[in-house]
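*Asks:* Each residue of the sequence shown is one higher than the one before, counting from 57 in my numbering.
Sending over a structure as structure tokens; questions will come in a sec.
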Amino acid sequence: MPEEELIERLKNGDESAFAELIRMHEKLVFNLALRYVKNYDDASDITQTVFITVYRSIGGFKGKSRLSTWLYRITINECIDFSRRNKLYTKFTTPLEQPDGDGESMEIPLPDQSYDPELRYEQKELQNTIRQAVEALPPISREIIILRDVHDMSYTEIAEALNIELGTVRSRLARARIKLRNKLKKMM
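Below, the structure written as structure tokens:
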């Protein structure tokens, strides 16, 4: 069925069209959520929330983008909200590298998960320091760092999710990493 027809049927409250929408896009939404939150049950909850949001909001869909792009954005927004509610960005585990490839890099080694109380204390302290540094960033810098370095989204996925140009993603990420690196250097 053509997308325009599906959208029209959805706007008219056709339940079979809604079932068709779920059939067509459920895997995309679930996989995106799973990639973002890295937990099957949480991804399932987010998927349900996304389709409830779509059901309630389809009347506001203006058709300026493809339906799948709109679903993608709703999914990312729900994942971001979920992350904020659950403080997922404390699981920051990837190194922060110099974006311009000049050979300098700053890796933040996180201790192995262990029952050694000293290591666990050091890990908790480091996580708190990183969390505070990330929280101190401006919202767009924080969001782009989390999407790329915590949730391992590609530049293209970030551009689509945030509805910005690919070059803008690269430049904002470079600036965000510099800001974060500087904050961490001051804190450590």
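Positions of the beta carbon are idealized from the N, C-alpha and C atoms, including for glycine.
Note that the coordinates shown come from a computational prediction; the quantities given were computed from them, not determined experimentally.
Do you know offhand how far ARG140's Cα is from GLU59's?
*Replies:* 33 Å
*Asks:* From this set, ASN219, GLU134, ARG226 and ALA189, which residue's C-alpha is nearest ARG204's C-alpha?
*Replies:* Sorting ASN219, GLU134, ARG226 and ALA189 by C-alpha distance to the C-alpha of ARG204 places ARG226 at the top.
*Asks:* Would you say the region 120 to 130 touches the region 76 to 88, given that touching needs at least three Cβ pairs under 8 Å?
*Replies:* yes
*Asks:* Shortest alpha-carbon distance to LEU77 belongs to which of LYS67, LEU90, ILE186 and LEU62?
*Replies:* LEU62
*Asks:* If I follow the unbroken alpha helix (DSSP H) through LYS67, where does it start and stop?
*Replies:* 59 to 67
*Asks:* Can you tell me the Cα-Cα spacing of ASN133 and THR105, whole angstroms?
*Replies:* 11 Å
*Asks:* Rounded to whole angstroms, what is the Cα-Cα separation between VAL93 and SER210?
*Replies:* 15 Å
*Asks:* Have a look at ASN95 and THR109 and give me their C-alpha separation to the nearest angstrom.
*Replies:* Using only the alpha carbons, I get a separation of about 21 Å.
*Asks:* For MET243, which residues from the same chain have a beta carbon less than 8 Å from its beta carbon, with the 5 sequence-adjacent residues on both sides left out?
*Replies:* THR185, GLN188 and ALA189
*Asks:* CA-CA distance, TYR111 and GLU64?
*Replies:* 13 Å
*Asks:* Out of LEU229, ALA232, ASP137 and THR212, state which residue places its alpha-carbon closest to the alpha-carbon of ALA99.
*Replies:* ASP137
*Asks:* Assign ALA217 to one of two classes, buried (16 or more other C-beta atoms within 10 Å of its C-beta) or exposed (fewer than that).
*Replies:* buried
*Asks:* Threshold first: 4 residues or longer. Then list the alpha helix (DSSP H) segments lying entirely within the region 116 to 142, N to C.
*Replies:* 123 to 142
*Asks:* Residues in its own chain within less than 8 Å of LYS239 by CB, not counting five upstream and five downstream?
*Replies:* ALA189, ALA192 and LEU193
*Asks:* Report the rounded CA-to-CA distance for LYS180 versus ARG122, giving the unit in angstroms.
*Replies:* 43 Å
*Asks:* Establish whether the CB of ASN238 and some CB of chain D are separated by less than 9 Å.
*Replies:* In the structure shown, chain D cannot be found, because there is only a single protein chain.
*Asks:* Between which residues of its own chain and ARG5 is the CB-CB distance below 6 Å, once the five residues before and five after are set aside?
*Replies:* Only positions 57 to 244 of the chain appear in the structure, and residue 5 is not among them; the question remains open.
*Asks:* Quick check on THR212: buried or exposed, where buried means 16 or more other Cβ atoms within 10 Å of its Cβ?
*Replies:* exposed
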